[in-house]
Amino acid sequence: MGIASTLAPVVDFVFPPRCPLCGEALAAQGGLCLACWEELVIPGKPACASCARPFGPTPRLHEDCDLCRADPPLRDGIAAATLYNETSRKLVLAFKQGNRIALAGMMARLIAARLEGVGEDSLIVPVPLHRWRLWQRGFNQAAILGHELARLTGARLCVDALVRKRQTPMLGGLGRRERERMLAGAITMNSRRTGMLRGAKLLLIDDVLTSGATSNACIAALRKAGAARVVVGCFAQVLD
5 MGIASTLAPV VDFVFPPRCP LCGEALAAQG GLCLACWEEL VIPGKPACAS
55 CARPFGPTPR LHEDCDLCRA DPPLRDGIAA ATLYNETSRK LVLAFKQGNR
105 IALAGMMARL IAARLEGVGE DSLIVPVPLH RWRLWQRGFN QAAILGHELA
155 RLTGARLCVD ALVRKRQTPM LGGLGRRERE RMLAGAITMN SRRTGMLRGA
205 KLLLIDDVLT SGATSNACIA ALRKAGAARV VVGCFAQVLD
């Protein structure tokens, strides 16, 4: 029995388990109440193999949606734990801006449930923060999720494979093209990690996947380093 299991009753006594969203009493730490669980939207099948956009009931001739066929993405797939809605937004904000880093374990478990083929031969790469943003926040939420996913899957974690050379403004509210313009040249590979990245199967991890501009900037740098495959993993995916 590990230390965490031994101390769990003491922790539960001092800090009774509560749902991080609504405050409802729970049986154990690290989860949500039933009502909040039911508010999360889990991506369904069938879906596009490239962007995970759910298909309708009409039979498909291709694995990819029409948008991805017209403009093939750089990534090799998406593993999204949830689709972005008010409930997932509250969880992300509590985790990232409310310093509720204990939520990382639950969020990573939900991401891991969507992963295929990620194991000991894979490398997990978090989306990087600029050093000033990291100093302000105190942690990189993507790196924390990556650490939990490495523990769950057995994959290796490389927190500094990518470097954000230039601080970019907050991208919320901007369209895809504007985001791409803001990110141009901002993210590059770490030259000291080129040997690890060449020929590697990568899981690029972030908390939210919005337009794909940030992940595309990361993937372009990883491809330049010689990565063989890059799948994007996230807790919440925004579907336009």
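Take 5 as the starting number for the sequence shown in my numbering and just add one per residue. The C-beta atom is built at its ideal place from N, Cα and C for all residues, glycine as well.
Could you check what DSSP says for residue i in three-state terms: helix, strand or coil?
i	result
arginine 246	Any answer about residue 246 is impossible in this case: the structure gives the chain only from 5 up to 244.
threonine 86	strand
isoleucine 46	coil
arginine 233	strand
leucine 208	strand
arginine 197	helix
cysteine 52	coil
leucine 38	helix
cysteine 72	helix
valine 167	strand
cysteine 238	strand
alanine 245	Not covered by the structure: residue 245. The range shown for the chain is 5 to 244.
threonine 91	helix
arginine 79	coil
leucine 30	coil
arginine 22	strand
leucine 243	coil
Given this structure, state the Cα-to-Cα distance separating residue i from residue j, to the nearest angstrom.
i	j	result
arginine 22	alanine 146	24 Å
glycine 203	phenylalanine 143	29 Å
alanine 165	alanine 83	20 Å
glycine 109	tyrosine 88	19 Å
leucine 30	valine 236	32 Å
cysteine 238	alanine 116	10 Å
alanine 224	valine 45	30 Å
leucine 243	lysine 49	15 Å
asparagine 194	glycine 35	36 Å
threonine 86	glutamine 241	6 Å
serine 215	leucine 127	24 Å
proline 130	leucine 207	8 Å
alanine 159	asparagine 103	26 Å
valine 163	leucine 114	21 Å
methionine 200	proline 20	43 Å
alanine 229	arginine 197	9 Å
lysine 205	threonine 218	19 Å
arginine 93	tryptophan 139	23 Å
Return the chain-ordered list of same chain residues with a C-beta closer than 8 Å to the C-beta of residue i, the five sequence neighbours on each side being excluded.
i	result
glutamate 90	Glu43
lysine 245	Look at the range of the chain in this structure, 5 to 244, and you will see that residue 245 is not part of it.
arginine 227	Leu78, Val234
cysteine 40	Cys23, Leu25, Cys26, Glu28, Thr91
proline 13	Because proline 13 sits at a pLDDT of 41, beneath the cut-off of 50, its placement in the model cannot be relied upon, and the following sentence gives the value as read from the coordinates. Correct list: empty, nothing qualifies.
phenylalanine 59	Pro50, Ala51, Cys52, Cys69
arginine 118	Pro47, Ala83, Ala84, Ala85, Gly237
With a threshold of 6 Å on Cβ separation, who are the neighbours of residue i within its own chain once the five nearest residues in sequence on each side are excluded?
i	result
histidine 134	Arg168, Gln171
serine 54	Asp68, Cys72, Pro77
alanine 56	Pro47, Ile82, Ala84
isoleucine 7	Note that isoleucine 7 scores a pLDDT of 45, beneath 50, so its modelled location is shaky and nothing firm can be said.
arginine 181	none
Sorted by chain position, which residues of the same chain lie with C-beta nearer than 7 Å to residue i's C-beta, five sequence neighbours on each side aside?
i	result
arginine 137	Gln171
alanine 112	Leu149, Glu152, Leu153, Leu156
valine 96	Asp211, Val212, Phe239, Ala240
cysteine 37	Cys23, Cys26, Glu28, Leu30
aspartate 80	Arg233, Val234, Val235
Complete runs of the alpha helix (DSSP H) confined to the region 99–161 [at least 4 residues]: Runs of the alpha helix (DSSP H) inside the region 99–161: 108–116, 135–141, 145–157.
Cβ pair count under 8 Å reaching 3, the region 152–159 against the region 115–122: The answer is yes - the region 115–122 touches the region 152–159, with three or more Cβ pairs under 8 Å.
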